[in-house]
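Under my numbering, think of the first position of the sequence shown as 15, with each following residue one higher.
Shown next, in structure tokens, is the structure this report addresses.
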Amino acid sequence: MWPARLSQKQEQGRKGEESAQAYLQRHGLVLIEANFRCKLGEIDLVMREGETLVFIEVRQRADRSRGGAAASITPAKIRRILRAAQVYLQRFQRLPPCRIDVVAIDGGQLEWIRNAIESY
């Protein structure tokens with residue numbers, strides 16, 4: 015999952031994803047897979063809430079000085095998330111209900127944005 019030696023930025027990202035995962039599990043979501051990667055993109059967390067499959071992008075920033083973590087999701091990043099979700103969904107014969115959420119962490123403050131990418 016993670017290389018043996020992580021850069022400081024990678025370590026912060028790993029901790030952010032672990033915090034997001036723990037938070038979401040406390041709120042009833044069940045982890046299916048972490049760090050799903052394919053040629054077209056990646057998804058930080060794949061979880062389930064009831065019957066709904068939830069793809070989660072975790073973004074972390076030290077503060078909101080440049081708009082914050084949620085604002086750092088570019089149109090190109092959204093396209094990569096959508097493509098990766100489409101690849102992931104090829105596993106299913108019958109598509110489950112699904113959505114894409116964002117967990118934005120700004121200076122340690124976590125915000126869960128449900129259905130953040132609605133074009134899906």
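Glycine included, each C-beta is placed from N, C-alpha and C at the ideal position.
Between the Cα of residue i and those of the options, spot the shortest distance and give me the residue it belongs to.
i: Glu132; options: Gln107, Gln104 and Ile95; result: Ile95
i: Cys10; options: Pro89, Tyr37 and Val60; result: Only positions 15 to 134 of the chain appear in this structure, which leaves residue 10 out of reach.
i: Asp115; options: Gly82, Ala130, Gln24 and Arg62; result: Ala130
i: Ala98; options: Glu31, Leu38 and Ala48; result: Ala48
i: Arg105; options: Arg40, Gln39, Phe50 and Leu38; result: Phe50
Straight-line CA distance for residue i to residue j?
i: Gln26; j: Glu71; result: 15 Å
i: Gly210; j: Gln74; result: Summary: the structure shown does not reach residue 210, with the chain confined to residues 15 through 134, and so no result is reported for it.
i: Ser79; j: Gly42; result: 32 Å
i: Arg28; j: Ala84; result: 17 Å
i: Gly121; j: Arg108; result: 40 Å
i: Val62; j: Phe69; result: Sequence check: residue 62 is Arg here, not Val. Arg62 and Phe69: Cα-Cα distance of roughly 9 Å.
i: Gly30; j: Ile119; result: 7 Å
i: Ala90; j: Ala36; result: 28 Å
i: Ser86; j: Trp126; result: 15 Å
i: Arg19; j: Asp58; result: 19 Å
i: Leu103; j: Gln24; result: 27 Å
i: Ile92; j: Glu65; result: 24 Å
i: Ala76; j: Thr88; result: 18 Å
i: Arg40; j: Gly81; result: 27 Å
Per DSSP, which one or two residues make a beta bridge with residue i?
i: Leu59; result: Ala48 and Ile70
i: Val116; result: Glu71 and Ile127
So residue i and residue j are in contact, right, with Cβ under 8 Å, and what is the actual spacing, rounded?
i: Leu124; j: Ser33; result: 7 Å
i: Val101; j: Cys52; result: 5 Å
i: Pro110; j: Leu67; result: 5 Å
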